[in-house]
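A.B. asks: Protein chains in written order, with the numbering used here: chain A, 1239 to 1570; chain B, 315 to 546.
For every residue, glycine included, the Cβ atom is placed at its ideal position computed from N, Cα and C.
No experiment lies behind these values; they were computed from the predicted model shown.
Got a structure here, written out as structure tokens. Questions coming.
The following block contains the structure:
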């Protein structure tokens, strides 16, 4: 048998195995959730799997009507990621475990890391198929549809830059006026007067419309000048969490590198230091229990909301132990 | 709206399926209902393939092109190997998965994928096509191809779910899950289950002696079970 035929045969076996596994997983969930259709469980599993496989960034990658877009469940799953990437997984206390744990998660952890995604845009594509629209037509937004003149905030066109970066699309006509609202400042929508093109109509945004403005937009406005801050991406020293909703690969690592390199008082770029032996022991235990070569731990296909490093926070490794006295004087 | 009691539990699993199962069960335990997880329940688009003479002709044309003669690869110039004969570009499954996710989540790819799913193409075949092309291009090894089958299949399934399509997973199994639901019996006690299963099995007449069969026909309903209690 030729190579390709044997690959095809092996793959068919794998597909059969995966289908069997899907069925058993559906059954497993069904045992807990009684009297629910299998297709619903399959959908729930697919949503959870999409979050796991795409790194969770898919959740924030679009607006519109998709299940993932409105999935509080997905967002809930991602709270772990925020903790892991932000390094608060091990608490904010000054204890040894918190310090080492946070360092390890910041430098090693990869669950739900920055992975670009626009999976949710397919919801729009699916809806467009049903409604006989162009496949990549944008969906309805807060201020009307994308094609409605004067629309303020719209669901992004599927797979557009906004969709990939997890933002709603804000019309060019929206801006921040520091003098509006009796000097307190506020967002305004400036449109051309249809009766007299030489004039503009300025309409303050309603509180509901202001609340709908994406954070990615409002946080980038300088409230004093009303201008957009320079969009330099991640600021030096920013928490790494922001990169989780960003796009592109390796952003997390780059952010970490930026953080450490830029704050180096010697102004010299060093590589990240190698963590001491003991903080990594729990991960070594995890690796040995699972028959994984520790040096190659991130090459292993593990999936889930956690990371092998989460083992450090388990009861086994956080309990108090009797410290053995260090060698005194000439004793060794 | 769900009253979520706690943050998700951390878990690490060897397969995407297990991780998804754990996440769903964890979510349910934390206070979500299944309806909150899956969102609005709208009728799905049934994946239906339509016969196309054009496509059939194309398939016949491709198949009639012939295939390699056995041993042909052995006479190839070793200095110009095929991409899959050289070391793969990616050997780390995580990197390979990132690479695949990036490739799959492109507008054109998704557009074609949604069309294919809606046209009845099974998830397994689409996953095979994607991974196979990566292998042929020399990007991943054959081992990675098999390792990544599950995550890629789940990703395609998620695309199908997001596009609200009732898709095939392997072959023509569109209604398989629904059929299983219909087949499921209401909760019976174990004795009832055994009784039902035994009664539903046909009896091979050759396994029963002729004289017994004659007796059954003769006496009919008067025959009492050995287990039933007598009147006396």
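Once you ignore the five residues that flank residue 363 of chain B on each side, which residues in its own chain have a CB closer than 7 Å to its CB?
C.D. replies: So the qualifying residues of the chain are 433, 434.
A.B. asks: Counting pairs of beta carbons, one from the stretch 1284-1294 of chain A and one from the stretch 336-355 of chain B, are three or more of them closer than 8 Å?
C.D. replies: They touch, by the three-pair rule.
A.B. asks: Just confirm the distance between the C-beta atoms of residue 427 of chain B and residue 470 of chain B, as a whole number of angstroms; I'd bet it's less than 8 Å.
C.D. replies: Residue 427 of chain B to residue 470 of chain B, Cβ: 7 Å. Contact.
A.B. asks: Should the stretch 343-354 of chain B be called in touch with the stretch 413-423 of chain B, which here means at least 3 C-beta pairs below 8 Å?
C.D. replies: No, the stretch 343-354 of chain B is not in contact with the stretch 413-423 of chain B.
A.B. asks: Go through the stretch 411-455 of chain B residue by residue and report every complete run of the alpha helix (DSSP H) that reaches 4 residues or more, in order.
C.D. replies: Entirely contained in the stretch 411-455 of chain B, the alpha helix (DSSP H) runs reaching 4 residues are, in chain order, 421-432, 437-450.
A.B. asks: Whole angstroms are fine: how far does the CA of residue 1261 of chain A sit from the CA of residue 443 of chain B?
C.D. replies: Each residue's Cα considered, the two are about 23 Å apart.
A.B. asks: Rounded to the nearest angstrom, how far is the Cβ of residue 1418 of chain A from that of residue 1426 of chain A, given a contact under 8 Å?
C.D. replies: That belief holds up - the Cβ atoms of residue 1418 of chain A and residue 1426 of chain A are roughly 6 Å apart, short of 8 Å.
A.B. asks: Is residue 379 of chain B close to chain A, meaning its C-beta is less than 8 Å from at least one C-beta of that chain?
C.D. replies: No - not a single Cβ of chain A is within 8 Å of the one on residue 379 of chain B.
A.B. asks: With three or more beta-carbon pairs closer than 8 Å as the criterion, would you say the stretch 403-411 of chain B touches the stretch 325-332 of chain B?
C.D. replies: Too few Cβ pairs lie closer than 8 Å, so no.
A.B. asks: Candidates B/409, B/318, B/385: which alpha carbon is nearest residue 1314 of chain A's?
C.D. replies: Nearest of B/409, B/318, B/385 to residue 1314 of chain A, Cα basis: B/318.
A.B. asks: Quick one, which residues of the stretch 323-345 of chain B are near chain A if we go by CB-CB under 9 Å, in chain order?
C.D. replies: Under the 9 Å Cβ criterion, the stretch 323-345 of chain B contributes 323, 324, 325, 326, 327, 328, 329, 330, 331, 332, 333, 334, 335, 336, 337, 338, 339, 340, 341, 342, 343, 344.
A.B. asks: On a Cα-Cα basis, can you pick out the residue from B/522, B/491, B/505, B/530 that is closest to residue 1275 of chain A?
C.D. replies: When each option's Cα is compared against that of residue 1275 of chain A, the closest is B/491.
A.B. asks: Is any heavy atom in the ligand SAH found nearer than 7 Å to the beta carbon of residue 1427 of chain A?
C.D. replies: For the ligand SAH, the structure offers nothing, since it holds no ligand at all.
A.B. asks: Residues of chain A with a CB under 8 Å from the CB of residue 362 of chain B: which are they?
C.D. replies: Under the 8 Å cutoff, chain A gives no residues; its nearest Cβ is about 13 Å from residue 362 of chain B.
A.B. asks: Compare the C-beta of residue 1260 of chain A with all C-beta atoms of chain B and state if any pair is closer than 8 Å.
C.D. replies: Answer yes: the Cβ-Cβ gap between residue 1260 of chain A and chain B drops below 8 Å somewhere.
A.B. asks: What are the partner residues of residue 330 of chain B, as DSSP defines its beta bridges?
C.D. replies: For residue 330 of chain B, which the question treats as bridged, DSSP gives no partner whatsoever.
A.B. asks: Below 7 Å CB to CB, which residues in the same chain sit around residue 455 of chain B once its five sequence neighbours on both sides are set aside?
C.D. replies: Cβ within range, chain order: 402, 405.
A.B. asks: Pull up the CB-CB distance for residue 1256 of chain A and residue 475 of chain B, whole angstroms please, since I reckon it's below 8 Å.
C.D. replies: Their Cβ separation, rounded to whole angstroms, is 16 Å, which puts residue 1256 of chain A and residue 475 of chain B out of contact at 8 Å.
A.B. asks: Give me the Cα-Cα distance between residue 508 of chain B and residue 1244 of chain A, rounded to the nearest whole angstrom.
C.D. replies: Cα-Cα distance, rounded: 42 Å.
A.B. asks: Quick one: list the residues of chain A neighbouring residue 435 of chain B, beta-carbon separation under 7 Å, in chain order.
C.D. replies: Residues of chain A passing the Cβ test: none, with the nearest at roughly 13 Å.
A.B. asks: Where does residue 1193 of chain A fall in DSSP's three states?
C.D. replies: No answer is possible for residue 1193 of chain A: it lies beyond the span of chain A, which begins at 1239 and ends at 1570.
A.B. asks: Would you say residue 398 of chain B and residue 452 of chain B are within 8 Å of each other, going by their C-beta atoms?
C.D. replies: Yes, Cβ-Cβ distance for residue 398 of chain B and residue 452 of chain B is below 8 Å.
A.B. asks: In the DSSP output, what is residue 1413 of chain A paired with across the bridge?
C.D. replies: A/1426, per the DSSP bridge assignment.
A.B. asks: To the nearest angstrom, how far is the alpha carbon of residue 385 of chain B from that of residue 361 of chain B?
C.D. replies: Residue 385 of chain B and residue 361 of chain B: Cα-Cα distance of roughly 41 Å.
A.B. asks: Pop quiz: residue 446 of chain B and residue 1291 of chain A are said to be a contact at Cβ under 8 Å. What is the actual Cβ separation, rounded to whole angstroms?
C.D. replies: Going by Cβ atoms, the distance from residue 446 of chain B to residue 1291 of chain A rounds to 19 Å, so no, they are not a contact pair.
A.B. asks: Beta-carbon of residue 1277 of chain A versus every beta-carbon of chain B: anything under 8 Å?
C.D. replies: Yes, because at least one Cβ of chain B sits closer than 8 Å to the Cβ of residue 1277 of chain A.
A.B. asks: Is any beta-carbon of chain B found at less than 8 Å from that of residue 1527 of chain A?
C.D. replies: With 8 Å as the cut-off, residue 1527 of chain A does not count as an interface residue toward chain B.
A.B. asks: Once you ignore the five residues that flank residue 341 of chain B on each side, which residues in its own chain have a CB closer than 8 Å to its CB?
C.D. replies: Taken in chain order, the residues that qualify are 322, 351.
A.B. asks: Apart from the five residues just before and just after residue 438 of chain B, which ones in its own chain have a Cβ nearer than 6 Å to its Cβ?
C.D. replies: Closer than 6 Å at Cβ, skipping near neighbours: 484.
A.B. asks: Checking 8 Å against the spacing of the C-beta atoms, do residue 1268 of chain A and residue 1279 of chain A come in under that value?
C.D. replies: For residue 1268 of chain A and residue 1279 of chain A, yes; Cβs fall inside 8 Å.
A.B. asks: Per the DSSP calculation, residue 1541 of chain A is bridged to which residue(s)?
C.D. replies: In DSSP, residue 1541 of chain A forms a bridge with B/327.
A.B. asks: Who are residue 319 of chain B's beta bridge partners in DSSP?
C.D. replies: For residue 319 of chain B, which the question treats as bridged, DSSP gives no partner whatsoever.
A.B. asks: Between residue 475 of chain B and chain A, is the shortest Cβ-Cβ distance under 8 Å, so that the two count as touching?
C.D. replies: True, the Cβ-Cβ gap to chain A drops below 8 Å.
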